[in-house]
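This report refers to the structure that appears directly beneath it.
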Ligand SMILES: O=c1ccn([C@@H]2O[C@H](COP(=O)(O)O)[C@@H](O)[C@H]2O)c(=O)[nH]1
């Protein structure tokens with residue numbers, strides 16, 4: 001089954017377009033989790049238990065797992081999320097020359113219970129660098145288009161000789177590459193005007209919209225322009241998983257931390273649903 005069909009089913013079941021970002025910064029994990037063999041997985045498991053009913057997807061960012069224990073924690077996390085029946089979107093921002101990118105595409109291995117359902121990729125090496133991802137049956141591929149960080153404009157808003165901006169060209173190319181119906185775009189909620197413009201340009205592509213919550217992006221615009229036929233997700237990572245951090249550190253315990261994450265996910269779901 002196509003990734004976006006599975007995502008649509010999940011959005012309907014959970015009545016939610018929230019993507020819960022699993023970015024378990026080791027410096028911010030409550031002390032209790034540092035006693036586990038895999039602290040990041042122990043933490044994620046509690047967060048997943050507390051938030052999954054409100055989640056359309058979970059989005060681990062590979063940057064938080066790129067060391068030997070981290071990869072084990074990531075594999076366990078992906079398998080655990082899949083066990084809950086929620087799609088996993090691996091934010092890895094990969095792509096390279098052909099033989100190398102084929103290795104990256106193994107991150108989507110459909111036969112492994114540690115293979116992600118969808119991945120983020122970087123378009124700047126061109127179509128061939130994305131082909132193995134696009135050819136992975138059933139997988140979703142989100143192409144970076146207009147990112148949420150302040151420096152996103154440095155390159156993405158450069159005007160090309162033909163007059164269009166670089167992120168607009170990326171959106172146009174993504175639309176033409178979407179032969180299998182498995183492409184989405186990453187467009188940040190921190191630039192609502194660009195979000196609206198990209199939506200007008202490519203009405204049928206679902207978006208992954210990061211930047212609400214900790215980055216202060218526009219939640220209403222994220223929903224209004226991020227969804228195509230009610231399909232698409234709005235991500236919050238720190239705003240959900242570290243919602244329990246306000247308690248003094250020695251007062252924290254795993255239950256209260258997880259329950260604060262559950263409350264934050266539910267609040268975001270309700271807020272976003274107001275705009276659907
Ligand atoms: O344009 C982009 C692309 C990816 N991200 C990633 O999303 C989350 C956002 O985390 P918050 O804690 O909700 O700010 C994180 O993994 C980023 O690397 C993005 O923010 N913007």
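Residue numbers (the working numbering): 1 to 276. Using N, Cα and C, we set each Cβ at its ideal position, and we do this for glycine too. What you are looking at is a predicted structure, and each value in this text was computed from that prediction instead of being measured.
**Report entry** Counted within 10 angstroms of its Cβ, other Cβ atoms place residue 225 as buried (16 or more) or exposed
**Finding:** buried
Query raised in the report: On the three-state DSSP scale, how would you describe residue 236?
Result: strand
Report task. May I have the straight-line CA-CA distance separating residue 259 from residue 71, to the nearest angstrom? Result -> 26 Å
Query raised in the report: Can you tell me whether DSSP reads residue 208 as helix, strand or coil?
Result: strand
Query raised in the report: At which residues does the beta strand (DSSP E) containing residue 64 begin and terminate?
Result: Note, residue 64: premise wrong, no beta strand (DSSP E); not H, not E.
Query raised in the report: In terms of residues, what are the limits of the alpha helix (DSSP H) holding residue 259?
Result: 254-273
Query raised in the report: How do the segment 23-32 and the segment 239-249 stand: do at least 3 beta-carbon pairs fall below 8 Å, yes or no?
Result: yes
Query - Heavy atom of ligand 2 within 8 Å of residue 147 beta-carbon - result: Ligand 2 is absent from the structure shown, which contains only ligand 1.
Query raised in the report: By Cβ distance, which residues of its chain are closer than 6 Å to residue 130, with the 5 residues on each side in sequence left out?
Result: 95, 121
Query raised in the report: Sorry if obvious, but does the Cβ on residue 259 come closer than 8 Å to a heavy atom of ligand 1?
Result: no
Query raised in the report: Sorted by chain position, which residues of the same chain lie with C-beta nearer than 6 Å to residue 61's C-beta, five sequence neighbours on each side aside?
Result: 23, 91
Query raised in the report: Taking the continuous beta strand (DSSP E) assigned at residue 91, which residues delimit it?
Result: 89-94
Query raised in the report: DSSP puts residue 146 in a beta bridge; with which residues?
Result: 187
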